[in-house]
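Structure first, then comments.
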Amino acid sequence: MRFMGNAAAILRKDILLELRGRESLSLMLFLSLLLLVIFNIALDLDKDSVSSLASGILWVVFAFSGILGMGRTSMAERDEEAYLSIVFSPASPESFYIGKALSNFLFLLIMECFTMLSFVILFDFEKIIGLLPQLLVPLVLGTIGFSLVGTLFSFLTTASKYGEVLLPFLYLPVVVPVILGGVTSMGMVLNGNAGGTWKWIQMLAVFDVLYLAVSLLLFRYLMED
Amino acid sequence: MKTDRSITIIFLFLLVMIPLNFYLIFMVAPTEKVMGEVQRIFYLHISLAVGAFLALTGVFVSSILFLWKKKFIWDTAAYTCAEIGVLMSTLVLTTGSIWARPIWNAWWTWDPRLLTVLILWFIYIGYFLLRGGIADKFKKAQYSAVLGIIGYIDIPVVRYATKWWKSIHPLLTQEGGGLDPVMKNIMFFSMATFILLTIFLFLFRFRLARIEERLEIVKKRMED
Chain A
-9 MRFMGNAAAI LRKDILLELR GRESLSLMLF LSLLLLVIFN IALDLDKDSV SSLASGILWV
51 VFAFSGILGM GRTSMAERDE EAYLSIVFSP ASPESFYIGK ALSNFLFLLI MECFTMLSFV
111 ILFDFEKIIG LLPQLLVPLV LGTIGFSLVG TLFSFLTTAS KYGEVLLPFL YLPVVVPVIL
171 GGVTSMGMVL NGNAGGTWKW IQMLAVFDVL YLAVSLLLFR YLMED
Chain B
19 MKTDRSITII FLFLLVMIPL NFYLIFMVAP TEKVMGEVQR IFYLHISLAV GAFLALTGVF
79 VSSILFLWKK KFIWDTAAYT CAEIGVLMST LVLTTGSIWA RPIWNAWWTW DPRLLTVLIL
139 WFIYIGYFLL RGGIADKFKK AQYSAVLGII GYIDIPVVRY ATKWWKSIHP LLTQEGGGLD
199 PVMKNIMFFS MATFILLTIF LFLFRFRLAR IEERLEIVKK RMED
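Chains A and B, in that order, are what the protein sequence lines are.
Numbering follows our numbering, with no gaps: position 99 of the first sequence is 89.
Numbering follows our numbering, with no gaps: position 113 of the second sequence is 131.
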């Protein structure tokens, strides 16, 4: 119980920081809106093509806005060596990791809901709203995967002089299974083939469990100095 | 030094085996019925893939050993293996592409296996990007070990995820019974050659890395 309490304290701290205007969430939202506009210009989407491309566009936006947000929240820990106070506190590195992953998960999910809503408005694609219950499972599972890997990797990159710039290079190849699972299963739902999503949902769940285990095993090594 | 002698012995073996391997591939191996001459690249392509797999497994094992024992020798072993792994997987992709042009009529297709190797290649390029940006020696070793472990674990997941697309990659092992015995033996010889080459490259590069590290220490001492 101590463990989850510590994690919740980290989560609370990040929410508080966000509310007091550290602006990582607002940057994410702004980028996702901008990316949707760029996609529309680049692909010249019309009513027919948008249905088949929606899922892919959404996940690319999720991935890139997510990288931006997660890179920032980890850099905030490295700035002025704030994380050292956690290293020296009795709280375990794992509870710190879970707390950070939870806050990343929360911010990602807010960004994703915002992106989907913007998508509905900008592309006149109301189908998403009706199918939301079915879209929710792959969305949440994919977001868990994103935040688990993203939290670990954003801490990896903080040691580098290149900082957050390095994050997409390490992060994107590793989350390929999540993007693949998310794009495919949400695409299936949007195109009226919800029955085929089950194995992708299983795959996403396996990915999440695997990365939770691996991250919990390895995160403490990033806190040793 | 003991490693020096084993490097020399392996080198002498390779001096015979590599030319012999090429002789077998181009002169002895029968020409494949359907694909023709270009099929001979399989002997190299598959052997390189075995070498790459061996090297990347080396990264994984050495990374675990570093995190466990905290001895820098394991970090040296890990990045040495990673260098060889990147080299070999680059060659796997290149030879595959050369083969695919006449057979599939395309340099590249989005086949699951191809995609898996490409993703793996990106991960290990990332490994060196990460190393390049960290000045502190311990942190560099520690952080890249974490990446070395995750990257390796990710490979089967990527493979599993991409498999559900239709695969057009030829499955050699499944038709093992139909493979010409001469072809099979030459394939095994070629694999043995490349495994030995991988070991040789590792020992040679590892030795060089140790010498470099010693030089750094001597330089530092002279400065002080």
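Even for Gly, the Cβ is constructed at its ideal location relative to N, Cα and C.
Remember, predicted model here, so these are calculated numbers, not experimental data.
Notebook entry, point to check: Are the beta-carbon atoms of Ser(-3)(A) and Ser85(A) separated by less than 8 Å?
Noted result: Residue identity differs from the one stated: residue -3(A) is Ala in this sequence, not Ser. Yes; because the gap between Cβ atoms is below 8 Å, this pair is in contact.
Notebook entry, point to check: From Val164(B) to Val68(B), what distance separates their C-alpha atoms?
Noted result: 24 Å
Check: Can you find a CB in chain B that lies within less than 8 Å of the CB of Gly132(A)?
Finding: no
Check: Are the region 93 to 104 of chain B and the region 139 to 146 of chain B touching, with three or more C-beta to C-beta distances below 8 Å?
Finding: yes
Notebook entry, point to check: Can you list the alpha helix (DSSP H) stretches of 4 or more residues lying completely in the region 6 to 73 of chain A, in chain order?
Noted result: 14 to 33, 37 to 68
Next item on the list: Tell whether a beta-carbon distance below 8 Å holds between Glu154(A) and Gly61(A).
Entry: yes
Check: So, is the C-beta of Gly144(B) closer than 8 Å to a C-beta in chain A?
Finding: yes
Notebook entry, point to check: Asp172(B) versus chain A: which residues are under 7 Å apart at the beta carbon?
Noted result: Val164
Notebook entry, point to check: Counting only runs that start and end within the region 69 to 118 of chain A, where is the beta strand (DSSP E) found for 3 or more residues in a row?
Noted result: none
Margin query: Distance check for Met176(A) and Gly185(A), CA to CA, integer angstroms please.
Written below: 11 Å
Notebook entry, point to check: Listed from N- to C-terminal order along the chain, which residues in the region 123 to 156 of chain A have their beta-carbon within a distance smaller than 7 Å of any beta-carbon of chain B?
Noted result: Leu146, Ala149, Ser150, Lys151, Tyr152, Leu156
Margin query: So within the region 117 to 170 of chain B, which uninterrupted alpha helix (DSSP H) runs reach at least 4 residues, ignoring any that extend past its ends?
Written below: 130 to 150
Item checked: As assigned by DSSP and simplified to three states, the class of Gly182(A) -> coil
Next item on the list: From the DSSP output, in three-state form, read off Glu154(A) for me.
Entry: helix
Check: What is the DSSP secondary structure of Glu241(B), reduced to helix, strand or coil?
Finding: helix
Notebook entry, point to check: So which residues on chain B does Met176(A) lean against when the C-beta distance must stay under 9 Å?
Noted result: None at all; the shortest Cβ gap to chain B is about 15 Å.
Item checked: Stretch-stretch touch, CB-based, cutoff 8 Å, three pairs: the region 43 to 55 of chain B with the region 198 to 211 of chain B -> yes
Next item on the list: For Ala95(B), I'd like the list of residues in its chain whose CB is within less than 6 Å of its CB, leaving aside the five on either flank, ordered along the chain.
Entry: Ser80
Note to self: Using only CA atoms, which one of Asn123(B), Thr216(B), Leu133(B) lies nearest to Gly76(B)?
What the structure shows: Thr216(B)
Check: Applying a beta-carbon distance threshold of less than 7 Å, which residues of chain B neighbour Phe197(A)?
Finding: Val175
Notebook entry, point to check: Counting pairs of Cβ atoms below 8 Å between the region 108 to 121 of chain B and the region 82 to 91 of chain B, do you hit three or more?
Noted result: no
Note to self: By alpha-carbon positions, which one of Ala66(A), Ser108(A), Phe(-7)(A) ends up nearest to Leu24(A)?
What the structure shows: Ser108(A)
Item checked: Contact check, Arg12(A) vs Ala72(A), beta carbons under 8 Å -> no
Notebook entry, point to check: What is the residue span of the alpha helix (DSSP H) that Pro123(A) lies within?
Noted result: 122 to 148
Item checked: Tyr161(A) versus Val179(A), Thr141(A), Leu180(A), residue with shortest Cα-Cα distance -> Thr141(A)
Next item on the list: Starting from the C-beta of Tyr87(A), find all residues in its chain whose C-beta is less than 6 Å away, skip the five residues before and the five after it, and write them out in chain order.
Entry: Phe209
Notebook entry, point to check: Pick from Leu112(A), Pro163(A), Ser205(A), Ala149(A): whose alpha carbon is nearest that of Asp69(A)?
Noted result: Ala149(A)
Margin query: Taking the alpha helix (DSSP H) that Phe71(B) belongs to, which residues open and close that run?
Written below: 59 to 87
Margin query: Rounded to whole angstroms, what is the Cα-Cα separation between Gln192(B) and Leu15(A)?
Written below: Reliability fails at Gln192(B), whose pLDDT of 48 lies under 50, so the model's placement of it is uncertain and the value that follows must be treated cautiously. C-alpha separation (whole angstroms): 51 Å.
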